[in-house]
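Residue numbers (the numbering used here): 258 to 808.
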């Protein structure tokens, strides 16, 4: 059993979704391997911690962990209850003893106090990111090296904007527009090193003391808006509102008031003799320009979508800004003769801004219970699932993209794991097949692609299920990030969907048990596309290029 399989079985056990065959496999591991029992303990402890934090209560005692693995509380809801109850009683007695041992060790071992507490565990697992600013917008920007994505954290170290315009927003509240050719470093939320290029900064009172460092000296803001042009010979400065201080090398500080034009040079600080104004676009004007550009881009994208709607491979194309008159349904834009999906129903979603910046053009799925309901009858030889999403955090173990109700034979599930991996599966075997001691499906994972630095960014995700090539491929922003052959035993030649949810998971529609597993996506969606064939990598790359508002 691989570590990945072991973790999956433990997760299924905790979620109460494990079948008899998988239980027999993990039972053997738990019975003989203390490391597996420790892994189960930590997974269960984290699960309880997240539940408690969601309810606003955190208990460090560890008693709830022991209670959770008690035989009376841990029997999963599977069909063969009588068979499993006898086995579960024994195995969970072992687990309970193991957990109690962990709790006792945590109490009596002083060095374990941080690791043994939920707060310590959360601290170890708390996501981190690096940076002092966000790339708020860009226009025709060409960067040296790898391009920077709009909405991403500005990386540390020297950056060169070869051409175009970019706006960064520092965590201090400073907004700064930089024109290429420019070379700069964001040293902190209160310090930008500008070696070359033009910039204009708008500084709020909360960021008073913000500094721009040049080769010839420093500019210290006193709550203002200013423009600066850093060159080899001098750094020219204009104060548009408020005032700044200029610190030349070896020279006294010079306060410069609104409307004045000075410069920093090797000779010190002096008034400028030229009358040329620094024509640098301000943050507000730049945002208006970007908004106008995005309107044009969105119009061109809609025109392209109109030309693709008659593709015979298209099952469904939902755009969340295209709602019905009552705002509760999304029409299927696909117009091919073979399209079989109807309108989608919006359930408990809130309007949010779409990837083009249009207010109300996307749907926020963050609220528990929110989802977009669809019904897709028929059978399909292959599939492509594609969506544009903005993820705030991956705070569930499974974060839904597209899940069929329950998980019946031949049905696909597409979601994101909490470690940032794409997950895709098609169920191959039913419970009776479990006697063969093999999983009912094969899970296809991508490498981790999402971390906290992508929070709040619009991204395009896609996965293809290619029956003919016997391969599953995952894509992030138009680029393939993982591909795996479908094992012969797990190939499902005809896939069915039926009732399903975008952004959440529903168990069978007519169930009467009110409890449900929380898998809704903590984020927004503004487009979902489903094809009855596996698109090529070049087709997916082209869809991203055309639909990317930040290009």
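Note that CB positions come from ideal geometry on N, CA and C, so glycine has one too.
- The closest CA to that of residue 639, considering only 751, 712, 710, 762, is found on 751.
- No Cβ-Cβ contact shorter than 9 angstroms links residue 699 with residue 754.
- A direct Cα-to-Cα measurement between residue 663 and residue 763 gives close to 6 angstroms.
- One alpha carbon belongs to residue 799, the other to residue 297, and they sit about 43 angstroms apart.
- Residue 787 sits away from residue 760, with the two beta carbons spaced by 9 angstroms or more.
- In this chain, residue 799 is not harboured by any beta strand (DSSP E); it is covered by the alpha helix (DSSP H) spanning 794-804.
- The alpha helix (DSSP H) runs lying completely inside the stretch 519-574 and spanning 4 residues or more are 540-565, given in chain order.
- According to the DSSP secondary-structure assignment, residue 602 is paired through a beta bridge with 586, 630.
- Around the CB of residue 395, 16 or more other CB atoms lie within 10 Å, so the residue is classed as buried.
- The beta-carbon separation of residue 791 and residue 721, rounded to 4 angstroms, stays under the 8 angstroms limit for a contact.
- Using a 10 angstroms sphere on the CB of residue 736, the tally of other CB atoms stays under 16, which defines it as exposed.
- Every beta strand (DSSP E) stretch that sits fully inside the stretch 636-699 and reaches 3 residues is listed by chain position as 640-648, 655-661, 669-674, 679-683.
- Contact between residue 733 and residue 706 is confirmed by a C-beta separation of about 5 angstroms, below the 8 angstroms threshold.
- In this structure the stretch 467-486 does not touch the stretch 412-426; the number of beta carbon pairs closer than 8 angstroms is below three.
- Under the 10 Å beta carbon count, residue 552 is surrounded by fewer than 16 other beta carbons and is classified as exposed.
- Close CB contacts of residue 724 within its chain, under the 6 angstroms cut and outside five residues either way in sequence, are with 638, 639, 750 (chain order).
- Ranked by how close their Cα comes to the Cα of residue 589, the residues 603, 572, 583, 604 have 572 in first place.
- DSSP lists 410, 426 as the beta-bridge partner residues of residue 391.
- At the C-beta level, residue 481 and residue 449 stay beyond 9 angstroms of one another.
- It is roughly 22 angstroms from the alpha-carbon of residue 627 to the alpha-carbon of residue 711.
- For the 9 angstroms CB-CB criterion, residue 601 and residue 646 do not form a contact.
- Taken through DSSP and simplified to helix, strand or coil, residue 279 comes out as helix.
- Spanning the alpha carbons of residue 678 and residue 517 requires a straight line of approximately 54 angstroms.
- Annotated three-state conformation of residue 743 is coil, per DSSP.
- DSSP, reduced to helix, strand and coil, places residue 446 outside both helices and strands of the structure shown, so it counts as coil.
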